Amino acid sequence: KPSTLSYVYTYLVSFLSLGSNKISNEGAATLCEALKQCPHLRRLDLSRNSVGDEGAVSVSEALKHYSQLQYLNVGWNSIGDVGATALIGGLMHCTRIQEIDLGSNVIGDEGAMAVAEGLRNYPNLYHLNLCSNKIGDVGADALSRALSHQLHLK
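Numbering follows our numbering, in which position 104 of the sequence shown is assigned residue number 104; successive positions increment by one, without gaps.
So this is what it looks like as structure tokens:
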């Protein structure tokens, strides 16, 4: 059983960077379960790991606890359409999200369409990275239409 002191420290965490490690789907699930105790989390970086769709679904479940989250970086993983769709759904609870990095994954048209659909839910979003994925013409078209209404994006 964790001590009261460890709970206080976990409760106060606002920035967590675990990029460039070897976190897998299983590790992401375990980590996200623990992170539910961090309601003040503002920045989460899980880039350059081995997180796939299953791990992204775990992250999306944890996102429901982070209404203050402003930055999410899950770039350079193995996240596909299922994971991207789950993450976009989970981010709907993060009303202050400003930056989302989904670059260098394996997201295709279906995931891009989910991102496009979700964009209207993020009024504070100014940075979205989807570079180096597998998005084709259909996904690009959906993003183009959605982005035309997002004048605050850089």
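Even for Gly, the Cβ is constructed at its ideal location relative to N, Cα and C. None of these values were measured; they are calculated from a predicted model.
Looking at the DSSP output, E99 sits in a beta bridge with Y71 and H127. As computed with DSSP, D45 is found in a beta bridge with S17 and N73. In this structure, L72 places its C-beta atom within 8 angstroms of the C-beta atom of L44. Burial check for G136: the Cβ neighbour count within 10 Å stays below 16, so the residue is exposed.
Judged by DSSP secondary structure, V138 falls within the alpha helix (DSSP H) whose first and last residues are D137 to L147.
With contacts defined as CB atoms closer than 8 angstroms, L63 and C38 fail to qualify as a contacting pair.
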